[in-house]
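Numbering (the UniProt record's numbering), first residue to last: 1 to 116. Notes follow once the structure below has been shown.
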Amino acid sequence: MENLTDYSEEQIDETGTWLSISDLMAGLLMVFALLLIATLAQLYKYQEQSESNRVVIIEEIQRGLEKAGIESEVDLETGSLSLTEGLNFSSNSSALDSSAQEFLNKLIPIYSQAIF
1 MENLTDYSEE QIDETGTWLS ISDLMAGLLM VFALLLIATL AQLYKYQEQS ESNRVVIIEE
61 IQRGLEKAGI ESEVDLETGS LSLTEGLNFS SNSSALDSSA QEFLNKLIPI YSQAIF
């Protein structure tokens, strides 16, 4: 019967090579895992910062509209701005009527100041 502990020198060298390669691959896997964790942490931080900036902009628009006496509804969750005043076009025309132009002349500076 053949003894199982008798390995040729070539088989022993191959085993050492495969162990070294597997150690390198495990190390490489850990490097990629750490890079993924760091990237996800930064992404989470930027997402929170973006959300807080969005809320600040929406609140600033709402304050500016209230200060100017413009009736509106602002949804803080979605940022949707609903104007209660009617912005109407003249009949059979692509131009806004004068009251709508005056309204937009008040609204646009408030809106652009909050965004920029």
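For glycine and all other residues, C-beta sits at the position ideal for the given N, C-alpha and C. Remember, predicted model here, so these are calculated numbers, not experimental data.
For residue i, name the three-state secondary structure that DSSP assigns.
i	result
GLU48	helix
PHE116	coil
ILE110	helix
Please work out which residues of its chain come closer than 8 Å, Cβ to Cβ, to residue i, disregarding the five sequence neighbours upstream and downstream, and give them in chain order.
i	result
LEU87	LEU96, ALA100, PHE103 and LEU104
GLU85	ILE70, GLU71 and PHE103
Where residue i and residue j are concerned, what is the direct C-alpha to C-alpha distance, given to the nearest angstrom?
i	j	result
PRO109	MET30	52 Å
LEU76	SER50	14 Å
LEU43	ILE37	10 Å
LEU81	PHE116	17 Å
SER98	THR78	31 Å
ALA41	GLY27	21 Å
GLU14	THR39	37 Å
VAL74	SER52	16 Å
SER91	GLN47	46 Å
Looking only at its chain, what residues have a beta carbon closer than 7 Å to the beta carbon of residue i, apart from the 5 residues adjacent to it on each side?
i	result
ALA114	ILE57, GLU60, ILE61 and GLY64
LYS106	ALA68 and ILE70
On a CA-only basis, which of the options is nearest residue i? Give me that one, please.
i	options	result
LEU83	LEU35, LEU24, TYR111 and PHE32	TYR111
Only counting runs of 4 or more residues, tell me where the alpha helix (DSSP H) segments fall wholly within the region 64-103, in order along the chain. none
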